[in-house]
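Trainee: Take any residue in the sequence shown, note its place counting from 1, add 184, and you have its number in my numbering.
In this text, a Cβ means the ideal position worked out from N, Cα and C, and glycines have one as well.
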Amino acid sequence: MTLFNYQPPTEPYLEILHQDEALLILNKPSGLLTVPGKAPEHQDCLERRVQRVYPQARIVHRLDMSTSGIVVMALGLEAQRHLNRQFELRQTEKHYIARVEGTMQAASGVVELPLICDWPNRPKQMVCFERGKRALTNFVVLAREPNATRVKLTPITGRSHQLRVHMQWLGHPILGDKFYASHEGVIAAPRLQLHAEFLAVIHPTSGNTLEFYAKCPF
185 MTLFNYQPPT EPYLEILHQD EALLILNKPS GLLTVPGKAP EHQDCLERRV QRVYPQARIV
245 HRLDMSTSGI VVMALGLEAQ RHLNRQFELR QTEKHYIARV EGTMQAASGV VELPLICDWP
305 NRPKQMVCFE RGKRALTNFV VLAREPNATR VKLTPITGRS HQLRVHMQWL GHPILGDKFY
365 ASHEGVIAAP RLQLHAEFLA VIHPTSGNTL EFYAKCPF
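1) Below 8 Å, how does it come out for the region 208–217 and the region 246–261: are there three or more Cβ pairs, yes or no?
2) From Phe313 to Tyr238, what distance separates their C-alpha atoms?
3) Less than 7 Å between C-beta atoms, sequence neighbours within five positions excluded: which residues of the same chain meet that for Tyr197?
4) Nearest to His379 by alpha carbon, out of Arg283, Pro298 and Glu262?
5) Rounding to the nearest angstrom, what Cα-Cα distance links Pro388 and His266 in this structure?
6) How would you label Leu259, buried or exposed, when you count the other beta carbons within 10 angstroms and need 16 or more for buried?
7) According to DSSP, Ile300 sits in a beta bridge with which residue or residues?
8) What's the gap between the Cα of Pro304 and the Cα of Phe363?
9) Determine the contact status of Val325 and Val335, defining contact as a CB-CB distance below 8 Å.
10) Starting from Phe323, follow the beta strand (DSSP E) in both directions and report where the run begins and ends.
11) Would you call the region 277–295 and the region 328–345 touching, i.e. three or more CB-CB distances under 8 Å?
12) Which whole-angstrom value describes the C-beta separation of Leu383 and Val219, a residue pair presumed to lie in contact below a C-beta threshold of 8 Å?
13) Roughly how many angstroms lie between the CA atoms of Thr186 and Leu247, to the nearest whole one?
14) Does DSSP put His379 in a helix, a strand or coil?
15) Taking the alpha carbon of Ala290 as the point to measure from, which residue in Glu225, Asn392 and Leu354 has its own alpha carbon closest?
16) Please list, in chain order, all residues of the same chain as Val294 whose beta carbon is under 6 Å from its beta carbon, the five residues on each side excluded.
17) Starting from the C-beta of Met288, find all residues in its chain whose C-beta is less than 6 Å away, skip the five residues before and the five after it, and write them out in chain order.
18) Which of the three DSSP states, helix, strand or coil, is assigned to Gly253?
19) Consult DSSP for Leu347 and reduce its assignment to one of helix, strand or coil.
20) Taking the alpha carbon of Gln377 as the point to measure from, which residue in Thr341, Leu299 and Gly360 has its own alpha carbon closest?
Spelled out as structure tokens, the structure:
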């Protein structure tokens with residue numbers, strides 16, 4: 185799937201929130217790919233920027249190009265294996281902040297809808313009760329605006345576009361979402377209003393739980 189008019193932000197070029205012998209915690213801006221795309225014009229990405237400074241850095245997980253916030257990268261193979269296993273076993277904790285269309289009435293809730301790739305329209309995902317993989321999201325309303333709602337989203341599973349599709353199915357797609365929002369919702373925000381604000385991981389060597397926050401920029 186071609187990314188049209190890819191113009192990744194350069195200020196800041198690379199924002200490192202934490203670094204030690206085993207891992208890096210980064211704050212990825214909206215509009216920057218986490219890993220390179222196939223096309224030559226899509227090579228600039230968080231991974232490449234980090235590896236210019238830390239050649240041994242390895243990807244552990246990803247954020248969508250339009251999503252901002254916390255990304256952890258491992259420094260070395262052993263640390264990568266340790267962190268990968270944490271994500272696979274859901275031993276990490278994380279939450280996102282989003283602004284969605286309309287006023288949500290429920291103060292909190294759970295969305296459990298199975299997801300699968302909408303293959304003719306990839307990278308879009310869709311709900312599919314026959315073949316979709318289990319996807320579970322918790323939400324809590326933080327504030328209600330005249331035509332929008334600020335919510336904290338906690339993904340229990342980690343499916344592609346999970347938060348975006350689940351909010352759409354609730355009737356409250358994320359503002360600025362060019363894949364799933366209404367026309368009014370797309371033009372209501374200058375970027376996708378989704379930010380990975382918090383991540384807790386177990387340090388690969390010390391075994392301590394580390395918690396990281398990246399302030400929501402919207």
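Mentor: According to the structure shown:
1) Touching, per the Cβ criterion.
2) So the two alpha carbons sit approximately 43 Å from each other.
3) Excluding residues within five positions, the ones whose Cβ falls inside 7 Å are Arg233.
4) Distance from the Cα of His379 is smallest, within the candidate group Arg283, Pro298 and Glu262, for Arg283.
5) Their backbone Cα atoms lie some 6 Å apart in a straight line.
6) Counting every other CB atom within 10 Å of its CB across the protein chains shown gives Leu259 a total of 16 or more, marking it as buried.
7) Met310, per the DSSP bridge assignment.
8) Approximately 13 Å between the Cα atoms of the pair.
9) In terms of Cβ geometry, Val325 and Val335 form a close pair [threshold 8 Å].
10) Where Phe323 is concerned, the enclosing beta strand (DSSP E) starts and stops at Leu320 to Arg328.
11) With the cut-off at 8 Å, the region 277–295 and the region 328–345 touch.
12) 18 Å between Cβ atoms; not a contact.
13) Bear in mind that the predicted position of Thr186 carries a pLDDT of just 45, short of 50, making it unreliable; the figure below should be weighed with that in mind. Going by the C-alpha atoms only, they are around 17 Å apart.
14) Of the three classes helix, strand and coil, the one that applies to His379 here is strand, per DSSP.
15) That would be Leu354, whose Cα lies nearest to the Cα of Ala290.
16) Beyond the five residues adjoining it in sequence on each side, Val294 comes within less than 6 Å, by CB distance, of Asn322 in the same chain, given in chain order.
17) Apart from sequence neighbours up to five positions away, the residues of its chain that approach Met288 with a beta-carbon distance below 6 Å are Val325, Thr333 and His356, ordered along the chain.
18) DSSP places Gly253 in strand when its eight states are reduced to three.
19) The answer is helix: DSSP assigns Leu347 an H, G or I state.
20) Here the closest residue by C-alpha is Gly360.
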